[in-house]
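Residue numbers (the numbering used here): -1 to 275.
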């Protein structure tokens, strides 16, 4: 079939017809050997085009799309010997497209303001206040190096300066080891546990993790602000969509008569392209 890029190869630019009010998706724009091409076909094709073609002048786009649909129809009518591969591919594409439409409808019906509010309330109704931590660290490769730096700190060395000079965590090291604010679940477990148990203003460690050995300085803590519904809208919407789709699929699967004749077949058959040649 011709590709959308063929629109740019138009030799002539003809003005598109001026449609009267009341035109519908069923308005016939061309007929090829008795098969009608409609305005709806044109609109749908336009919506599927890449962005660069969407911005073409209306008259150019109109003629290009109409020509393309006519050419495609003439080619389709002239091709009467589709292979098994072609027929199977068309069936798969239709199945995939229609199931995609079904999923979009399920999601659209499920994600309402009421559902979003209910999901938000359910998440935070019994949630305990969460603590956030502001900490800095110095990361080194060995326990011996960490112990030496800790001794230097006990002797009055500046934590930030030692982090800049010695930390292998180049991101935080350049900032004097500062990790900013973070909550539980954002750091590796040994580090998190040490932070929770640490006293504010005192150096903790060395603490070993998969990254090396940490000296940790918890500078302050605070109670985290509860995120707003707007901040979580996309996340909650995805959860609602997934739950609704799963529930619908479970419902449809349970009510359908399904047999799995292929379960005993050799999985390696998937590689046998000769089956559809």
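Glycine included, each C-beta is placed from N, C-alpha and C at the ideal position. Here the structure is a predicted model, which means the values were calculated and not measured.
Using a Cβ-Cβ cut-off of 8 angstroms, state whether residue i counts as contacting chain B.
i          : result
residue 41 : Judged by its chain identifiers, the structure shown contains no chain B, having just a single protein chain.
Look at the alpha carbon of residue i and the alpha carbon of residue j, and state the distance between them as a whole number of angstroms.
i           : j           : result
residue 63  : residue 31  : 19 angstroms
residue 232 : residue 183 : 21 angstroms
residue 7   : residue 21  : A caution first: residue 7 carries a pLDDT of 39, below 50, which makes its placement in the model unreliable, though a value can still be read off. Looking at the two C-alpha atoms, the distance is approximately 29 angstroms.
residue 200 : residue 215 : 6 angstroms
residue 122 : residue 115 : 11 angstroms
residue 143 : residue 223 : 38 angstroms
residue 28  : residue 54  : 22 angstroms
residue 276 : residue 255 : An answer regarding residue 276 cannot be provided, because it is not within the stretch -1 to 275 covered by the chain.
residue 229 : residue 268 : 44 angstroms
residue 60  : residue 47  : 13 angstroms
residue 226 : residue 118 : 9 angstroms
residue 181 : residue 259 : 51 angstroms
residue 89  : residue 80  : 13 angstroms
residue 145 : residue 129 : 29 angstroms
residue 265 : residue 86  : 19 angstroms
residue 52  : residue 92  : 25 angstroms
residue 45  : residue 190 : 50 angstroms
Inspect the beta-carbon positions of residue i and residue j and report whether they are closer than 8 angstroms.
i           : j           : result
residue 36  : residue 26  : yes
residue 198 : residue 127 : no
residue 202 : residue 131 : no
residue 133 : residue 217 : yes
residue 274 : residue 82  : yes
residue 109 : residue 235 : yes
residue 283 : residue 213 : Past the boundaries of the shown model lies residue 283; the chain is included only from -1 to 275, so the question cannot be answered.
residue 208 : residue 186 : yes
In three-state terms, what does DSSP make of residue i?
i           : result
residue 72  : helix
residue 238 : helix
residue 266 : helix
residue 104 : helix
residue 138 : strand
residue 133 : strand
residue 251 : helix
residue 261 : helix
residue 223 : coil
residue 67  : helix
residue 99  : helix
residue 169 : helix
residue 156 : coil
residue 128 : coil
residue 123 : coil
residue 274 : helix
Below 6 angstroms CB to CB, which residues in the same chain sit around residue i once its five sequence neighbours on both sides are set aside?
i           : result
residue 322 : Any answer about residue 322 is impossible in this case: the structure gives the chain only from -1 up to 275.
residue 167 : 137
Counting only the same chain and skipping the five closest in sequence on each side, list residues whose C-beta sits under 7 angstroms from that of residue i.
i           : result
residue 171 : 161, 162 and 165
residue 72  : 30
residue 39  : 67
residue 101 : 243
residue 177 : 133, 134, 135 and 170
For residue i, which residues from the same chain have a beta carbon less than 8 angstroms from its beta carbon, with the 5 sequence-adjacent residues on both sides left out?
i           : result
residue 113 : 238
residue 141 : 204, 206 and 211
residue 174 : 134, 157, 158, 159, 161 and 162
residue 124 : none
residue 139 : 166, 210 and 211
With a threshold of 7 angstroms, establish whether the CB of residue i neighbours any heavy atom of the ligand PLP.
i           : result
residue 170 : For the ligand PLP, the structure offers nothing, since it holds no ligand at all.
* Mind pulling the alpha helix (DSSP H) runs of 4 or more residues that sit fully within the segment 171 to 221? -> 187 to 195
* Taking only runs of the beta strand (DSSP E) that begin and end inside the segment 20 to 60, which ones reach a length of at least 3 residues, in chain order? -> 26 to 30 and 33 to 36
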